[in-house]
Amino acid sequence: MLPRPHPADSPSERLAALAAKVRADPTLVYARSEDSDEHGTPRRRFRLPRVPRRGLLALGVAVACTVIGLGSWWQSPAAEPAPALALVSTTAPAPELVVNVVGEVTTPGLVTVTSGARVADAVRLAGGIKPGTDLHNLNLARKLTDGEQIAVGIPPPAGPAAVPSKLDLNSATASELDALPGVGPVTAQRIVDHRTRKGPFASVDQLREVEGIGDSKLAKLADLVHT
């Protein structure tokens, strides 16, 4: 009859001893019971250190966010370039001028031109100048002003006639006196002789003292001479 094995060599005692070693060294893991002395020396196995549950949860959330972000970026449409804006001109249009063209043109009347236009532009809009028209007094290069009148081939109106200055009876020569209406060379010389003998005339009425000058002739000379 075979002897009974020692209780210390029972499988339960060996498992208890192995568990005590694992608790003492958490980095070591021993083989199962089949890897015990019956099959040779137990083998050591290394395992990764344990990660806390909170760390695993944070790592999982980070990985999930990364995957979702990459998926959104991959599926998002490519950005389209902004359409080019059309250039809008801010320059104000030139004001218009209205002028009146009269005279030797085909269609005289009102014409409308832009600011800065010349006389030639207004004449062209009036149909052009008639053949043979004298343009001596018309400056075609002059700039126009609003409301003016352009006279083509019409001479400018004459200015007021110059009023001849009155002739001084005390300083006029015989020739100047002879030019007066109704005064001939003889009467002119008498006027000169009169002032030489009797001194300067004090008034125009003293011409009655000159031979050949009566009231009718004096009336004609009253506005032409003075003393």
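Offset between the sequence shown (1-based) and my numbering: plus 1.
Note that beta-carbon positions come from the ideal geometry of N, C-alpha and C, so glycine has one too.
By the C-beta criterion, the region 120–130 is judged to be in contact with the region 140–154, since at least 3 inter-stretch pairs fall below 8 angstroms. Following the DSSP letters along the chain, one finds V124 inside the alpha helix (DSSP H) bounded by residues V120 to L126. From the listed residues H227, V114 and A220, the smallest Cα separation to T146 is found for V114. Rounded to the nearest whole angstrom, the CA to CA distance from I130 to D206 is 59 angstroms. Relative to the Cα of A180, the nearest Cα in the group V106, K221, L141 and I155 belongs to K221. Checking the DSSP bridge columns, you'll see A180 has no partner listed.
Shown here, H227 sits in a strand according to DSSP, grouped into three states. Burial state of T188 is buried, judged by a 10 Å Cβ sphere holding 16 or more other Cβ atoms.
For I151, the enclosing beta strand (DSSP E) covers residues Q150 to V153. Closest in alpha carbon position to E212, among H227, P109 and Q190, is Q190.
In the three-state reduction of the DSSP assignment, K218 falls in the helix class, which pools H, G and I. Sorting V112, R125 and G200 by C-alpha distance to the C-alpha of N101 places V112 at the top.
With 16 or more other Cβ atoms from the protein chains shown falling within 10 Å of its own Cβ, L139 counts as buried. Nearest C-alpha to V226 among L168, L219 and R196: L168.
Apart from sequence neighbours up to five positions away, the residues of its chain that approach L178 with a beta-carbon distance below 6 angstroms are V184, A189 and I192, ordered along the chain. Ranked by Cα distance from E105, the first of A142, S116, I155 and L141 is I155.
For K144, the secondary structure class from DSSP, reduced to helix, strand or coil, is strand. Judged by their CB atoms, L141 and V124 are nearer to each other than the 8 angstroms cut-off. Burial of L170 is indicated by the presence of at least 16 other C-beta atoms within 10 angstroms of its C-beta.
Under a 10 Å Cβ-count criterion, A127 is classified as buried, with 16 or more other Cβ atoms of the shown protein chains found around its own Cβ.
For A203, the number of other beta carbons within 10 angstroms of its own is below 16, and it is reported as exposed.
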